[in-house]
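Since the structure comes first, as structure tokens, the remarks are kept for the end.
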Amino acid sequence: MIKSILKSTLQSMGLTVYKTRSISVGNDPFIDIKNHFGNIELSTFFDVGANTGQTVSRIKAEKPTSTIYAFEPIKDTFDKLYAATKHFAKVHLENIGFGAEVGTLTIGIAKNSLWNSFKNLPNVENTISNETVTVETIDNYLSKNDVKRINFLKIDVEGFEIPVLIGAKNTLSSDKIDFIYCEVGINKNDKHHTPFIEVIHLLTEYNFKFVAFYDHSLINTDAHYANALFFNANILTYQ
Numbered sequence: 001m002i003k004s005i006l007k008s009t010l011q012s013m014g015l016t017v018y019k020t021r022s023i024s025v026g027n028d029p030f031i032d033i034k035n036h037f038g039n040i041e042l043s044t045f046f047d048v049g050a051n052t053g054q055t056v057s058r059i060k061a062e063k064p065t066s067t068i069y070a071f072e073p074i075k076d077t078f079d080k081l082y083a084a085t086k087h088f089a090k091v092h093l094e095n096i097g098f099g100a101e102v103g104t105l106t107i108g109i110a111k112n113s114l115w116n117s118f119k120n121l122p123n124v125e126n127t128i129s130n131e132t133v134t135v136e137t138i139d140n141y142l143s144k145n146d147v148k149r150i151n152f153l154k155i156d157v158e159g160f161e162i163p164v165l166i167g168a169k170n171t172l173s174s175d176k177i178d179f180i181y182c183e184v185g186i187n188k189n190d191k192h193h194t195p196f197i198e199v200i201h202l203l204t205e206y207n208f209k210f211v212a213f214y215d216h217s218l219i220n221t222d223a224h225y226a227n228a229l230f231f232n233a234n235i236l237t238y239q
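Under the UniProt record's numbering, the letters of the sequence shown match residues 1 to 239, in that order.
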């Protein structure tokens with residue numbers, strides 16, 4: 001009776017309740033992982049391009065006991081990340097970026113920090129300044145910090161995904177990453193985001209397979225992008 005009343009009330013508000021098991025693939029990556037990869041434990045997360053902590057907060061809401069390594073290269077944005085997430089336990093914050101090589105790079109700072117990028121973007125009017133930042137490779141970082149495994153690697157670096165993945169080639173070839181969740185461009189005219197075809201071509205070399213797209217942007221624009229989830233087929237089976 002109570003369930004029926006609650007269901008009717010929600011429907012009157014334009015809402016529908018589904019059992020998580022019946023939700024179609026492509027709505028929520030964590031639900032999809034739970035539904036289709038058994039009881040795999042997601043305990044260690046890498047958030048590359050953490051911005052001001054949006055993903056950290058979401059992961060902690062979903063997985064409160066998880067360990068998160070969050071990386072943001074721009075000092076002002078990193079300070080906001082620190083302020084927003086310092087109260088969480090087991091969160092390691094690093095004021096660095098990732099690329100194909102260890103060193104320094106110049107990053108363009110946009111009016112909207114979500115568009116900050118190592119890549120020269122065509123919307124030059126959106127870039128208000130530049131900053132030289134420290135760049136690591138994922139391979140080197142894992143070695144230096146004795147990180148044994150990444151269960152979930154999220155990458156959102158505005159068109160710089162390929163260098164980040166190249167810098168993780170040893171980690172990838174050693175099967176030390178379970179899932180990769182990264183922003184990709186869908187439209188061939190999109191100059192801002194890494195084309196999906198380039199990402200899947202690289203990851204296929206390490207036997208990663210595509211699961212679904214999430215959080216699509218507006219489709220009728222040149223900059224049509226989404227987040228894509230991939231799994232390591234060497235160690236995981238889609239069920």
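Cβ coordinates follow ideal geometry from the N, Cα and C atoms, glycine included.
Here Tyr238 carries a coil assignment [DSSP, helix/strand/coil]. Taking a contact as a CB-CB distance under 8 Å, the pair Gly99 and Val164 counts as one, their CB atoms being some 6 Å apart. Check the Cα spacing between Lys148 and each of Phe46, Gly26, Asp32, Arg58: the tightest is with Phe46. A check of alpha carbon separations from Lys80 across Lys144, Gly53, Lys209 identifies Gly53 as the nearest.
Inside the segment 143 to 217, DSSP marks whole beta strand (DSSP E) runs of 3 or more residues at positions 150 to 155, 177 to 185, 208 to 214, from first to last along the chain. Within the model, the alpha-carbon separation for Ile150 versus Pro64 is close to 17 Å.
In the DSSP assignment, Glu62 falls within the alpha helix (DSSP H) that extends over 54 to 62. Beta-carbon to beta-carbon, Phe210 and Ala228 are separated by about 7 Å, close enough to satisfy the 8 Å threshold. Looking at the DSSP output, Thr44 bridges to Thr67. A Cβ-Cβ contact shorter than 9 Å links Glu94 with Phe71.
Scanning Ala61, Ala89, Arg58, Ile74 for the CA closest to the CA of Thr67 turns up Ala89. For Ile235, same chain residues with a beta-carbon under 6 Å away, outside a window of 5 residues either side, are Asp175 in chain order. Counting along the chain, Phe231 sits inside no alpha helix (DSSP H); it lies in the beta strand (DSSP E) bounded by residues 225 to 232.
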